[in-house]
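Q: Using my numbering, read the sequence shown as starting at 153 and increasing by one per residue.
Glycine is no exception: its CB is placed at the ideal position from the N, C-alpha and C atoms.
For reference, the structure I am asking about is given below.
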Amino acid sequence: TGVFLSISRTAQEESEAAATFGDARLALLIATTTAARERGLGMRDSLPSDTGMIFIFTKDGTYDFWMKDMRFPIDIFWLNSDRNVVHIERYVSTSTYPAALHSQAPARYVIETNAGFADEHHILLGTPLELKNIPTIAE
C-alpha cells in the first residue's frame, strides 16, 4: 500500500483491505464510521494509483455520492450484493458538486478510485470484484 496523507483521520475510522478488480490489484480504504463515510475522499489532495475507497452498506439501495470537498476527479463504481459492477461514473469532476450521482440498479458496495481507473483496467458493467480483509459492517 502507499503512504496516505492524514487530515484528522484515525485508525478507528478507516481500515485497509485488498481487492482484485478487473485486471488490477487495489488497496482499499474502508470508511467504517458514519463520519468517515460522509467525508469519503474529500479533503485529500491525491490518492495513490493503486488505491481506492470502498463504502459497504448493510442492504441494497440506490446510494447517492457527490464531490463535496473533493480536490481531484474520480471514477465511481456501484456493485451489487454479488460484487459485480452495476453502474460506473467515469471522470467525475470536482465541478459536479452539489449534484448527486447514483446507480439506477440497487447496489451494496460503492468504490471510488482515481479518474481513468475504469478505462485503464477495462472495468465494465458486470466486472466482478474480489475482496480480502473486509470487516463486517453493521448499521
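Between the region 197-204 and the region 234-244, can you find at least three pairs of beta-carbon atoms closer than 8 Å?
A: No, the region 234-244 does not touch the region 197-204.
Q: Nearest CA to the CA of residue 210: which residue from 260, 253, 245 and 252?
A: Out of 260, 253, 245 and 252, 260 has the C-alpha closest to the C-alpha of residue 210.
Q: Use the C-beta contact count for residue 255: other C-beta atoms within 10 angstroms, 16 or more gives buried, fewer gives exposed.
A: Burial call: buried.
Q: Can you tell me which of the three DSSP states residue 185 falls into?
A: It is coil, neither helix nor strand.
Q: Between the Cα of residue 253 and the Cα atoms of 265, 271, 214 and 270, which residue gives the shortest distance?
A: When only C-alpha atoms are compared, the closest one is 214.
Q: Terminal residues of the continuous alpha helix (DSSP H) containing residue 251?
A: Residue 251 -> no alpha helix (DSSP H), and no H or E assigned at all.
Q: Given this structure, state the Cα-to-Cα distance separating residue 188 from residue 225, to the nearest angstrom.
A: So the two alpha carbons sit approximately 19 Å from each other.
Q: What's the gap between the Cα of residue 221 and the Cα of residue 204?
A: Rounded to the nearest angstrom, the two C-alpha atoms are 17 Å apart.
Q: If contacts are defined as beta-carbon pairs under 8 Å, then residue 170 and residue 181 qualify, I think. What distance do you get, rounded to the angstrom?
A: Not confirmed; about 11 Å, so no contact.
Q: Between which two residues does the alpha helix (DSSP H) holding residue 197 run?
A: Segment: none, residue 197 is in no alpha helix (DSSP H) and carries neither H nor E.
Q: Do residue 223 and residue 195 come within 9 Å of each other at the CB atom, strictly closer than that value?
A: Against a cut-off of 9 Å, the Cβ pair of residue 223 and residue 195 comes out as a contact.
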